Amino acid sequence: MRSFLIALAVAAAATAGAQAPAGPVAPAAPKAAGSRGELRISGFMINGDRSFDFANTVSTETGSIKGVDVLLRAKAIGIGFRSLSGTYGTQPHVTSADLRVYLLPPVFSLVVGAGRRALWSDLNATTPSQFDIGIAGVSSTVAIGGSGLRTNVAGAVYLPGGKSKDKIKSGMEGEASILYRFPVVPLFVQVGYRTELFTAKSGTRETPEEVRGIRIGGGLQLGGR
Amino acid sequence: MNRRIAAMVGVVPIALALAAAPMRAQLQQGSPIDDLLKRAGDAFNDLNYNRADSLAHQVLAIGKQITAAQRTRALLVIAAASYPEETAAQKRAVALATLKQIVRTNLSLKLPQELTWAGLDSLVDEAKRTTFGVEVSGDKEQVVVGPQGTASLKVRGSRPGSYRLTIMPESGGSAAVVDSLPATTSGEFRFKTMRGEQPMFTSGDWSVIVTGVDASSRDTVTVRYAARVDAPALEFLPIAAKLDSSKLLKERTGRFGAKSVFPGLLVGATAFALASSVRAQGNIKTKVAADSKGVAVGGVLALSTIAAGFADKGRWIPANIAANKAYGEAFQKSVVAMQAENRRRIAEYKTTFHIDLEAR
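Those protein sequence lines, which keep their order, are chains D and X. Quick note on the numbering used here: the first sequence kicks off at 999 and runs consecutively. Quick note on the numbering used here: the second sequence kicks off at 757 and runs consecutively.
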């Protein structure tokens, strides 16, 4: 019986070996396009105005904000870090940093995060006014086909938090921009417009401020096609 | 003389046997032609040479239905009956002409003991000496493998001559093989069975014809043999000339086109709104004008987006590109494999000859 089975196996192998070569098998079905992961590290500059209302006196200065933006995204979740510092004439300097988490795909993401905002002048560089904020918002990034261009529209409100909770009345930010990734090198440029509104309070006194301007930036982008 | 006495003593039993011969021959051999030949031989043994000659001629008169062996046997009886020991019955010229007729295609002719005697043997030698004869030999079954394989037939002449081999279908048509040998007394035809990558033969009955021409007298002898050829059709794997592009996957998504209008307007309008409508409360809103650059920035963002959408050729689909590449490589591999298989089939193709080397 064993010999019979061995002979059967040998015969089957010989038959398989004698078969004529088969033609190629066509690919089965279309696959989804594009990569899902993305790492973006960029520097940016916002050239514009900062208006500052203190004791019913509005001060508007032209200046710029420089910052660093890092974003790491997967298909439905991402994390971002932003740090910026702005100087507008004689007005106090503005420095802020925040960490954000993106939920859902880039085309429509919920954004939650936390940050700290500081106002300081050259005279009190070591004792700035600090504000801890929570961040809640939405973000939408749409890739324009395979052109390399993407649009980004984002908005968020600042929520008072931490020890400085009583010093914050309200705040928000909004940004609209387009990003272009070069075809071969993993670099991108970004152009857009950004507005930040923030109202601090101290007792009954409120101090609104408005920062807005054209955002220009660029950096390294891996993935995200 | 001894044979003569023996024949005379046995005349009675032979006469009896002759009477029963037709029935017995049919029972034993089942062939009327063989029966006729036997009766001719018996007549010769009975010294009844005219009857032997007559019966042998009857066999020859049957024509194409007789085999080469039967024909030779009939001619031998005629020759023997024409040149017996009895001088009065000898017709030397007839016997010599008959023997020459046999020798032309049977150089190694040897008369059967029951038909010959010393005088007739001498006549056979004379026939061989004065006749241009041809003899063909070779393996009766020959298997030729591949384009380089050859079959062979040897030819020998009684005198130097040139020889020509023709192999053609029994049913007619053009010859598959034609070959020749220059002036020689013996040589060998070697012929291939494939021309390039195609078989030259088809399965069926073929005629092998060898023609010899005496170098001195220009006497021509043609010998024809029957051959059965087994040459199955050589089937090749069909090899596609090029890849079937209809089976390739799309390597790009569709063009973005008009779909870019909405995100373009959205990003442009948002930029404009951020510059003009999203304002701080109180004095700033009333005393500080909206940013006039918002229109320009919004316009640039919107138009750039829409233009990019219409210029878009679609996003590359890496998975499909990889799948198509693999498909192309598999196609190339299959072509190489099929070509190798077809080459193997050519190299191992067999043509089998079954040659009946009995001249017709």
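Note that CB positions come from ideal geometry on N, CA and C, so glycine has one too. The model shown is predicted, which means the values in this text are computed figures rather than measured ones.
Handout entry: Three-state secondary structure assigned by DSSP to D/N1257
Key = Residue numbering for chain D in the displayed model covers 999 to 1223; residue 1257 of chain D lies beyond these limits and cannot be assessed.
_With a threshold of 8 Å between beta-carbons, can X/T1026 be considered close to chain D, or not?_
yes
Exercise. CB-CB under 6 Å to D/M1043, same chain, minus the five flanking residues each way: which ones, in chain order?
Worked result: S1062, K1064, I1214
Which of helix, strand or coil DSSP assigns to X/I1073: coil
*asked:* In this structure, how does DSSP classify X/L990 when only helix, strand and coil are distinguished?
replied: coil
Checklist entry - In three-state DSSP terms, what is X/V899? => result strand
Let me confirm a value: D/G1041 is counted as buried when at least 16 other C-beta atoms fall within 10 Å, else exposed. Which label applies? exposed
Would you verify that the beta carbon of D/G1172 is, or is not, closer than 8 Å to some beta carbon of chain X? yes
Next on the checklist: Judging by CA-CA distance, which residue of X/E1104, X/T887, X/K1106, X/L1113 is the nearest neighbour of X/L855?
Outcome noted: X/T887
query: Hey, D/V1209 and D/R1048: beta-carbon distance below 8 Å or not?
result: yes
| message | Is it buried or exposed, X/R1099, if we count other Cβ atoms within 10 angstroms and call 16 or more buried? | response | exposed
- State the DSSP-derived secondary structure class of X/T843, mapped to helix, strand or coil. helix
Task: Members of the stretch 1184-1204 of chain D that neighbour chain X once the beta carbon cut-off is set at 9 Å - done: V1189, G1190, Y1191, R1192, T1193, L1195, F1196, T1197, E1204
Buried or exposed (CB count within 10 angstroms, at least 16 for buried), D/N1150
buried
- Item | is_contact[X/A997, chain D] using C-beta, thresh 8 Å | no
Check: chain X partners of D/I1176, CB-CB under 7 Å?
Finding: V1023, L1057, S1060, T1061
Who pairs with X/W962 in a beta bridge, going by DSSP? X/P925, X/A983
Inter-residue spacing [alpha-carbon to alpha-carbon] between X/K1003 and X/A1079 | 11 Å
*asked:* Between the stretch 893-906 of chain X and the stretch 941-955 of chain X, can you find at least three pairs of beta-carbon atoms closer than 8 Å?
replied: yes
Candidates X/G943, X/A1027, X/Q1088, X/L1021, of which the one nearest X/A996 by Cα:
X/Q1088
task: Measure from the alpha carbon of X/M956 to the alpha carbon of each residue in X/L1005, X/D986, X/R1071, then state which is nearest.
output: X/D986
Along the stretch 1027-1048 of chain X, where does the CB come closer than 7 Å to a CB of chain D? Name the residues. A1027, L1030, A1031, V1034, R1035, A1036, Q1037, G1038, N1039, I1040, K1043, V1044, D1047
Nonlocal neighbours in the same chain, by C-beta distance under 8 Å from D/I1133, ignoring five residues either side: D1096, R1098, V1109, V1110, G1111, A1112, G1113, A1154, V1155, Y1156, L1157
Would you say X/A1064 reaches chain D, if we count a Cβ-Cβ gap shorter than 8 Å as a contact? yes
query = Any chance the stretch 1160-1175 of chain D sits against the stretch 1193-1201 of chain D, with 3 or more Cβ pairs inside 8 Å?
reply = yes
Along the stretch 1141-1163 of chain D, what residues have a CB closer than 7 Å to any CB found in chain X? I1142, G1143, G1144, S1145, L1147, T1149, V1151
Could you tell me which whole alpha helix (DSSP H) segments of length 4 or greater appear in the stretch 1018-1051 of chain X? 1039-1043
By the DSSP assignment, the alpha helix (DSSP H) with X/A812 in it spans what residues? 805-818
Report task. Anything in chain C within Cβ reach of D/P1206, meaning under 9 Å, just list it in chain order. Result -> Checking the listed chains, one finds no chain C in this structure; the protein chains it contains are D and X.
For X/D1068, return the contacting residues in chain D, with the cut-off set at a CB-CB distance below 7 Å. I1142, G1143, G1144, S1145
Please confirm whether D/S1040 has its beta-carbon closer than 8 Å to some beta-carbon of chain X.
no
Got a sec: is the Cβ-Cβ distance from X/F1012 to anything in chain D below 8 Å? yes
* To do: Please list, in chain order, all residues of the same chain as X/A837 whose beta carbon is under 6 Å from its beta carbon, the five residues on each side excluded.
  => F800, Y805, A808, D809
If you run the structure through DSSP and keep just helix, strand and coil, what is D/S1138?
strand
*Indicate whether at least one CB of chain X lies closer than 8 Å to the CB of D/S1127.*
no
* **Sheet register partners of X/I789 (DSSP bridge)** => Its beta-bridge partners do not exist; DSSP assigns none.
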